Structures are given as structure tokens and as C-alpha cells.
Amino acid sequence: MSVIRSTVTGCGSYLPEKVLTNNDLAKMVDTSDEWIVQRTGIQQRHVAAEGEVTSDLALEAAKRALSAAGRDAQDIDTIILATATPDNTFPATAVTVQARLGIHHGAAFDVHAVCSGFVYALTTADAYIRAGLSRRCLVIGAETFSRILDWTDRTTCVLFGDGAGAVVVEAAEADGSNADRGILTSHLRSDGRHKEKLFVDGGPSATQTVGHLRMEGREVFKHAVGMITDVIEDAYNATGYTSEDLDWFIPHQANKRIIDASAKKLGIAPEKVVTTVQLHGNTSAASIPLALDTAVKDGRVKKNDLLMLEAMGGGFTWGSVLLRW
């Protein structure tokens with residue numbers, strides 16, 4: 009008996025032109041390249057230009073994903089955009105992208121799960137496709153975190169960057185086995201008790217301001233590894249796969265120390281880990297599709313490779329997606 013699988017048929021990404029290095033930051037706050045690299049692995053990040061907004065980044069990434077998939081924008085019936093930094097309080101940034109792509113049909117909406125946003129959006133697209141509500145989804149992660157940073161706070165401003173990544177996800181018939189191409193299993197979690205550990209101190213209802221990002225770095229690190237491994241082990245239990253079966257581990261790019269610790273705990277070989285945090289910083293919902301696109305473009309990720317995607321973000325939210333490319 010055949011089943012419907014959600015297959016990724018193309019990916020694309022976009023980074024703003026401006027690069028901000030650690031040495032640049034050392035001229036702005038009391039920090040140094042050595043301090044940042046030692047604690048995070050980050051060497052540089054991209055920052056959106058004045059007037060360049062989240063939908064601009066998302067649009068470029070979307071166009072590149074459509075091109076890679078060999079699809080026209082009119083082939084898309086659903087746009088799901090993950091972001092914590094929308095253009096406006098409303099409407100959804102996805103609607104702006106929809107209009108700029110010239111799409112006048114289907115549905116477009118945002119998903120807000122901070123750094124886990126792309127995993128949440130991809131899981132939502134999979135649910136829509138398997139339920140028959142969509143045939144082809146454009147899933148985007150896009151952020152301009154530079155707009156919500158306190159540039160006098162050296163503990164946070166050195167960590168984040170701007171960027172966007174996108175994938176085209178299409179319905180395809182498959183035989184229902186773990187050998188199928190497409191999304192095999194997804195697992196999402198959240199726990200609102202941890203809100204104060206990573207949040208933005210503003211909002212339309214609370215303060216009528218945008219606010220700035222605030223983080224208890226040690227607390228986030230302490231919880232991250234355990235939460236990440238939890239949802240990955242759930243994926244293994246659901247499919248029977250193990251870390252040895254993975255071709256690539258593509259985690260949220262928050263901090264190299266978290267990535268390395270998670271891979272070690274799970275028994276994932278270092279050579280299977282895709283790491284781009286050194287070049288992009290933490291781009292929140294954009295980080296996984298940015299890393300994925302990098303690994304596809306440089307030839308590491310190949311057809312039928314087994315990929316594990318995972319992320320953790322403010323809320324806390326966290327999740328995993330296991331898929332065959």
C-alpha cells in the first residue's frame with residue numbers, strides 16, 4: 009500500500025552583503041576574537057543593510073529554492089515562513105513573500121518558534137501534505153536578529169546574525185518504508201516554564217515596543233544538550249535507525265560547543281556534522297536551511313542521504329526531523 013511522503017526537491021539561501029567580524033565587534037563592545045571563538049566558534053556573521061527587511065531575505069532564498077527544484081512560483085500552494093523578526097506585527101511576513109512572488113492562490117502564514125521555527129514549519133508542511141491540504145509547500149526560515157539585539161550587551165550581540173534559507177517540499181507516492189525519500193518522522197516539544205531564560209523584553213501587548221533579546225547563556229547551554237538528544241532519540245525509536253545510520257547531522261547553528269556536545273552524546277561522528285555557525289553566527293530559524301543549502305551546494309549532501317535536523321529555541325521549543333534527501 010502506497011503512502012504520501014513529503015519530499016524536499018530544492019533548497020536555497022540568502023545572506024546580506026554586509027559581514028561583521030569579531031574584530032569589528034571588538035571595536036563596539038568589550039570583547040575579542042579569541043573570546044568569541046573560544047566560547048561559541050563564531051568568527052563572523054552577516055547583518056542586513058538599512059532598509060533591508062526579513063521579507064527581502066526570505067524572497068531571495070525562496071527564489072533560489074524554486075530554481076533548484078525546477079519549479080515556478082505558481083506551482084506553490086502553501087507558504088510557511090518561520091521567523092521571530094517579522095516585517096510587521098501583522099500581516100504575516102509570508103503574505104508579503106507570497107505577493108512579491110506573484111502568487112494569488114493558496115495560503116501563506118508565519119510560524120513562530122524562534123530557533124526551532126524551521127523544524128516546526130517543516131513539520132507543519134509535512135502534516136499539510138500528508139493530510140491532502142497541500143501538494144507543494146515553500147518552507148522558509150528568515151531572520152533579521154540584528155534588529156532586536158542590544159549592541160551594548162557583549163553576551164548576546166556577538167552571537168547572532170541575519171539570513172534566510174528555504175526549501176520546496178512536494179507530495180510524492182512512496183511505499184511507506186524507511187527507505188523512502190522524504191520526511192520519515194518529526195518530533196516537536198515545548199516547555200514555557202523556561203521563558204525567562206531566553207526571550208525578548210518587548211512586544212505589542214506588553215510594552216508597545218520591539219524590545220531586545222535577553223538570555224541566560226549558561227542556563228540555555230545546560231538545557232540544550234539534553235533537550236536536543238531527547239527528540240533525536242525519539243526519531244530513532246520511531247524508525248529503528250541509529251546515529252551510525254545517519255549520513256549527515258544538520259543541527260541548529262547556535263554555538264559550536266552545543267553542537268559538539270550533542271553529537272558526542274549521541275555518538276555521531278564529527279565528520280558527519282554540518283557546521284556553519286563560524287560563518288553565519290546564530291541565524292535562529294534560518295540556521296538549519298542555511299546549513300543545509302551549504303552542504304547541498306558543496307556536494308556533501310547527495311540523493312538518498314539520511315539527514316537529521318534538530319533545533320532548540322526560546323520558549324523553550326525544540327524538535328527534530330529525520331528525512332531522506
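According to the numbering used here, the sequence shown is numbered sequentially starting from 9. Cβ atoms here follow ideal geometry from the backbone N, Cα and C, with glycine treated the same way. As the structure is a computational prediction, the values presented were derived from the model and not from experiment.
>> If you reduce the DSSP assignment to three classes, tell me which class Ile44 lands in.
In response: helix
> At what residues does the beta strand (DSSP E) containing Gly149 begin and finish?
Replying inline: Arg144 to Thr152
>> Using CA atoms only, rank isn't needed, just tell me which of Gly169, Ala246, Ser10 and Asn31 is closest to Ser292.
In response: Gly169
>> Using C-beta distances below 7 Å, list every residue in its chain close to Met320, excluding the 5 sequence neighbours before and after it, in chain order.
In response: Cys123, Ser124, Ala232, Met235, Ile236, His260 and Trp326
> So what does Tyr22 bridge to, in DSSP terms?
Replying inline: Ala172
> Roughly how many whole angstroms lie between the Cα atoms of Phe98 and Glu60?
Replying inline: 18 Å
>> Is it buried or exposed, Trp333, if we count other Cβ atoms within 10 angstroms and call 16 or more buried?
In response: buried
>> Under DSSP, the beta strand (DSSP E) around Phe98 begins and ends at which residues?
In response: No beta strand (DSSP E) holds Phe98; DSSP gives it neither H nor E.
>> Taking 8 Å as the threshold (C-beta atoms), are Ala70 and Leu192 in contact?
In response: no
> From the DSSP output, which residues share a beta bridge with Phe332?
Replying inline: The residue asked about is misnamed: residue 332 is Arg in this sequence, not Phe. For Arg332, which the question treats as bridged, DSSP gives the partners Gly190 and Leu314.
> In three-state DSSP terms, what is Pro297?
Replying inline: helix
> Which residues bound the alpha helix (DSSP H) around Leu206?
Replying inline: Counting along the chain, Leu206 falls outside any alpha helix (DSSP H), though it belongs to the beta strand (DSSP E) covering Leu206 to Val208.
> CA-CA distance, Lys310 and Met316?
Replying inline: 14 Å
> Are the segment 149–167 and the segment 180–192 touching by the rule of at least three beta carbon pairs closer than 8 Å?
Replying inline: no
> Rounded to a whole number of angstroms, what is the C-alpha to C-alpha distance between Lys26 and Leu287?
Replying inline: 12 Å
> Under the three-state reduction of DSSP, which class applies to Ala121: helix, strand or coil?
Replying inline: coil
>> In whole angstroms, give me the CA-to-CA distance for Asp38 and Glu224.
In response: 19 Å
> What are the boundary residues of the beta strand (DSSP E) that includes Arg222?
Replying inline: Leu221 to Met223
> To the nearest whole angstrom, what separates the beta carbons of Thr104 and Tyr136, a pair I think is in contact under 8 Å?
Replying inline: Wrong, their Cβ atoms sit about 20 Å apart, outside the cutoff.
>> Looking at the strands, I want to know which residues DSSP matches up with Gly211.
In response: Thr217
> To the nearest angstrom, how far is it from the Cα of Ala57 to the Cα of Met9?
Replying inline: 52 Å
>> In the DSSP assignment, the beta strand (DSSP E) including Arg53 goes from what residue to what residue?
In response: Gln52 to Val55
>> Taking 8 Å as the threshold (C-beta atoms), are Leu89 and Ile156 in contact?
In response: no
>> Applying the 10 Å Cβ sphere with the 16-neighbour rule, what's the burial state of His113?
In response: exposed
> If we count the other Cβ atoms within 10 Å of its Cβ and call it buried at 16 or more, is Asp183 buried or exposed?
Replying inline: exposed
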